[in-house]
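Worksheet for the structure shown next.
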Amino acid sequence: MPKYRVRYETRIMQGKEGTEVVTASGKGQAMLAAQAIVHPDQRRDEPYFHFEPLTIRPLEAEGTYAVAYRTKVETPLSGEVEVEATDADKAVSKARFAVHQELIPPKCFKALEVVAV
Numbered sequence: 100m101p102k103y104r105v106r107y108e109t110r111i112m113q114g115k116e117g118t119e120v121v122t123a124s125g126k127g128q129a130m131l132a133a134q135a136i137v138h139p140d141q142r143r144d145e146p147y148f149h150f151e152p153l154t155i156r157p158l159e160a161e162g163t164y165a166v167a168y169r170t171k172v173e174t175p176l177s178g179e180v181e182v183e184a185t186d187a188d189k190a191v192s193k194a195r196f197a198v199h200q201e202l203i204p205p206k207c208f209k210a211l212e213v214v215a216v
């Protein structure tokens, strides 16, 4: 079977945990304020799917909360991978699966160049 080198660009989700100290009128608003710090590109008025508050503790200062969270942050990734395939289209599919090993790979994977090796 011929080998192909696939140059790609994609975005991957990486897990992140941490604690943010925020000022808010209540626990719900504290969660949204912490979410806005971690995910500034998401809507600020509703919960983001990947953001999971673990604990929301009021601190001594009035209206201040410590929000411990777990979330997934999208990061860009690019590189090259070599795969064996019958043709260039199958090589792109195999490269996508080599990079994104989820059952349903995301559509953000872009093959920039496919070269027979």
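All residue numbers for the sequence shown refer to this note's numbering, where the first residue is 100 and numbers rise by one. Cβ atoms here follow ideal geometry from the backbone N, Cα and C, with glycine treated the same way. Note that this is a predicted model, so its numbers are computed, not measured.
According to the DSSP secondary-structure assignment, P175 is paired through a beta bridge with R110. Looking at the DSSP output, E119 sits in a beta bridge with V166. Three or more beta-carbon pairs separated by less than 8 Å are not found between the segment 139-150 and the segment 184-198, which leaves the two stretches without contact. Collapsing the DSSP output to three states places L131 in a helix. Between A165 and L158, the C-beta spacing is below 8 Å. By the neighbour-count criterion, in which 16 or more other beta carbons inside 10 Å mark a residue as buried, Q200 falls on the exposed side.
Taking a 10 Å sphere around the C-beta of P175, we find fewer than 16 other C-beta atoms and assign the residue as exposed. The C-alpha of A190 lies about 6 Å from the C-alpha of Y103. Beta-bridge partners of R104 (DSSP): E181 and V214.
Minimum Cα-Cα distance from E181 among the listed residues I203, A215 and V172 corresponds to A215. Between M130 and I111, the C-beta spacing is not below 8 Å.
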